[in-house]
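Report on the following structure.
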DNA sequence: CGAGTCGTTGAACGGAATCAATCGTCGTGG
DNA sequence: CCACGACGATTGATTCCGTTCAACGACTCG
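Residue numbers (the working numbering), protein chains in the order written: chain A, 1 to 198; chain B, 199 to 396.
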């Protein structure tokens with residue numbers, strides 16, 4: 001269960017699907033029938049362009065809604081392929097969802113809030129990727145993801161985090177070690193503790 | 199006028215504000231009174247952390263809504279500073295906006311659609327920033343921004359585009375030249391024409 | 001038990017950042 | 001009206017840091 005799924009579930013029942021690496025959830029050009037939320041695993045959204053170049057539009061992990069925009073489109077503008085060994089998805093019928101939304105302004109407002117929150121986070125992330133230094137970029141990321149106790153709860157593997165930060169995983173490991181050595185963070189089993197400097 | 203402003207204007211009247219470089223639109227901790235849309239110029243959203251590090255959350259340009267999430271918060275979680283020489287903003291009273299939204303499900307749905315669209319674009323952008331090669335990153339960006347005629351209309355200066363792509367502006371110029379030399383693009387006065395390969 | 005992947009470290013290379021300098025343009029103010 | 005400053009656009013030279021290639025141990029899952 002996760003935020004996105006929880007809100008949508010209050011609107012209508014959902015179905016769970018379990019898929020495996022390489023499976024297509026949908027293909028570019030398909031008619032939009034379902035809206036999906038990732039419960040477990042990793043799904044890549046890919047846009048195929050005319051000249052053969054594929055652009056990766058999103059690497060969706062836990063709690064991500066697959067192609068929010070497909071709610072408002074009859075056709076998928078990209079393909080979704082499972083990238084992890086397995087993936088579990090929550091499916092909602094698109095038309096029922098739209099109808100239910102229209103009939104429930106309160107939940108619609110919650111959706112607006114959820115989306116607004118996502119946008120803020122994505123924007124912050126974009127700026128973090130403008131930081132040249134790998135170490136600083138990582139540290140800013142931790143600051144952003146940290147809770148009130150300055151803990152970063154790790155939901156992704158280090159390798160996946162490295163990818164999201166736009167770093168080679170080796171660089172990520174090296175700088176993680178370095179940050180620890182400098183006393184700026186403490187690595188724990190499934191979290192990272194940030195240390196306040198002064 | 200722009201998309202964001204247009205939708206909000208149908209809900210309620212707005213006020214225009216003109217500001218200058220260095221002006222604060224609001225400060226972290228301030229009570230949220232207005233929602234702003236950038237009409238012209240560049241505004242930086244900055245979060246100040248306890249240990250003095252400032253994280254840039256967003257560099258807002260034309261058509262961007264400043265801190266969508268502030269709609270659902272009583273206090274600003276970041277400061278907004280004008281970064282260009284001048285900036286023109288459209289202001290909407292937050293409480294009136296919320297009330298108007300609740301009373302108009304159709305427009306609320308449009309907002310959901312607008313946000314969904316933004317999210318998709320931001321996600322695509324994030325993935326583009328994972329492309330290591332400057333040239334490929336730029337080309338993917340152009341593909342993403344291109345209209346049906348494979349034209350990219352330039353709203354930002356090259357320097358600003360470079361920044362958004364996370365590149366030094368020199369690198370941007372060099373690779374722009376290179377892409378043109380390779381016949382992949384044609385530079386025009388206020389647009390770039392993409393050439394389909396094969 | 002073996003395949004696959006994560007986590008980790010080392011060495012070398014390459015490409016982007018950085019520093020630096022020039023030209024053109026635009027706006028401003030004396 | 002022109003001189004001046006500010007900034008965008010452009011190119012060259014050099015440096016540096018992140019990528020890449022490579023290799024290994026640990027762990028999980030079938």
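Don't be surprised by glycine CBs; every beta carbon is placed ideally from N, CA and C. Since the structure is predicted, the reported quantities are computational estimates derived from the model, not experimental observations.
Cβ of residue i within 7 angstroms of any chain B Cβ
{"i": "residue 129 of chain A", "result": "yes"}
{"i": "residue 191 of chain A", "result": "no"}
{"i": "residue 140 of chain A", "result": "yes"}
{"i": "residue 116 of chain A", "result": "yes"}
{"i": "residue 13 of chain A", "result": "no"}
{"i": "residue 143 of chain A", "result": "yes"}
{"i": "residue 58 of chain A", "result": "yes"}
{"i": "residue 245 of chain A", "result": "Because chain A in this structure spans residues 1 to 198, residue 245 of chain A falls outside the shown range and cannot be described."}
{"i": "residue 162 of chain A", "result": "no"}
{"i": "residue 69 of chain A", "result": "yes"}
{"i": "residue 166 of chain A", "result": "yes"}
{"i": "residue 102 of chain A", "result": "yes"}
{"i": "residue 185 of chain A", "result": "no"}
{"i": "residue 55 of chain A", "result": "yes"}
Inter-residue Cα distance where the pair is residue i and residue j
{"i": "residue 91 of chain A", "j": "residue 36 of chain A", "result": "5 angstroms"}
{"i": "residue 239 of chain B", "j": "residue 123 of chain A", "result": "18 angstroms"}
{"i": "residue 67 of chain A", "j": "residue 78 of chain A", "result": "9 angstroms"}
{"i": "residue 253 of chain B", "j": "residue 366 of chain B", "result": "19 angstroms"}
{"i": "residue 161 of chain A", "j": "residue 173 of chain A", "result": "10 angstroms"}
{"i": "residue 324 of chain B", "j": "residue 155 of chain A", "result": "19 angstroms"}
{"i": "residue 164 of chain A", "j": "residue 76 of chain A", "result": "24 angstroms"}
{"i": "residue 261 of chain B", "j": "residue 312 of chain B", "result": "12 angstroms"}
{"i": "residue 196 of chain A", "j": "residue 184 of chain A", "result": "7 angstroms"}
{"i": "residue 245 of chain B", "j": "residue 278 of chain B", "result": "9 angstroms"}
{"i": "residue 65 of chain A", "j": "residue 4 of chain A", "result": "7 angstroms"}
{"i": "residue 82 of chain A", "j": "residue 227 of chain B", "result": "42 angstroms"}
{"i": "residue 388 of chain B", "j": "residue 194 of chain A", "result": "46 angstroms"}
{"i": "residue 350 of chain B", "j": "residue 335 of chain B", "result": "15 angstroms"}
{"i": "residue 104 of chain A", "j": "residue 373 of chain B", "result": "50 angstroms"}
{"i": "residue 326 of chain B", "j": "residue 14 of chain A", "result": "32 angstroms"}
{"i": "residue 158 of chain A", "j": "residue 241 of chain B", "result": "34 angstroms"}
{"i": "residue 225 of chain B", "j": "residue 111 of chain A", "result": "27 angstroms"}
{"i": "residue 259 of chain B", "j": "residue 369 of chain B", "result": "22 angstroms"}
Boundaries (first-last residue) of the beta strand (DSSP E) holding residue i
{"i": "residue 174 of chain B", "result": "Outside the modelled stretch of chain B, which goes from 199 to 396, sits residue 174 of chain B, for which no answer is possible."}
{"i": "residue 246 of chain B", "result": "241 to 246"}
{"i": "residue 365 of chain B", "result": "No beta strand (DSSP E) holds residue 365 of chain B; DSSP gives it neither H nor E."}
{"i": "residue 252 of chain B", "result": "252 to 258"}
{"i": "residue 148 of chain A", "result": "Where residue 148 of chain A is concerned, there is no enclosing beta strand (DSSP E), given that its DSSP letter is neither H nor E."}
{"i": "residue 25 of chain A", "result": "24 to 26"}
{"i": "residue 279 of chain B", "result": "277 to 280"}
{"i": "residue 19 of chain A", "result": "15 to 20"}
{"i": "residue 235 of chain B", "result": "232 to 238"}
CB contact below 7 angstroms: residue i versus chain A
{"i": "residue 320 of chain B", "result": "yes"}
{"i": "residue 310 of chain B", "result": "yes"}
{"i": "residue 333 of chain B", "result": "no"}
{"i": "residue 270 of chain B", "result": "yes"}
{"i": "residue 317 of chain B", "result": "yes"}
{"i": "residue 202 of chain B", "result": "no"}
{"i": "residue 277 of chain B", "result": "no"}
{"i": "residue 282 of chain B", "result": "no"}
{"i": "residue 288 of chain B", "result": "no"}
{"i": "residue 294 of chain B", "result": "no"}
Extent of the continuous alpha helix (DSSP H) to which residue i belongs
{"i": "residue 95 of chain A", "result": "94 to 102"}
{"i": "residue 68 of chain A", "result": "It is not in any alpha helix (DSSP H) - residue 68 of chain A carries neither H nor E in the DSSP assignment."}
{"i": "residue 9 of chain A", "result": "3 to 9"}
Near the ligand NAP: residue i beta-carbon under 6 angstroms from a heavy atom
{"i": "residue 345 of chain B", "result": "Absent from the structure shown: the ligand NAP. Ligands present: none."}
I want to know whether the stretch 8 to 23 of chain A touches the stretch 89 to 104 of chain A - three or more CB-CB distances under 8 angstroms.
yes
Across the stretch 303 to 316 of chain B and the stretch 22 to 30 of chain A, are there enough close Cβ pairs to call them in contact, namely three or more that are closer than 8 angstroms?
no
In chain order, which beta strand (DSSP E) runs of at least 3 residues are fully inside the stretch 314 to 343 of chain B?
none
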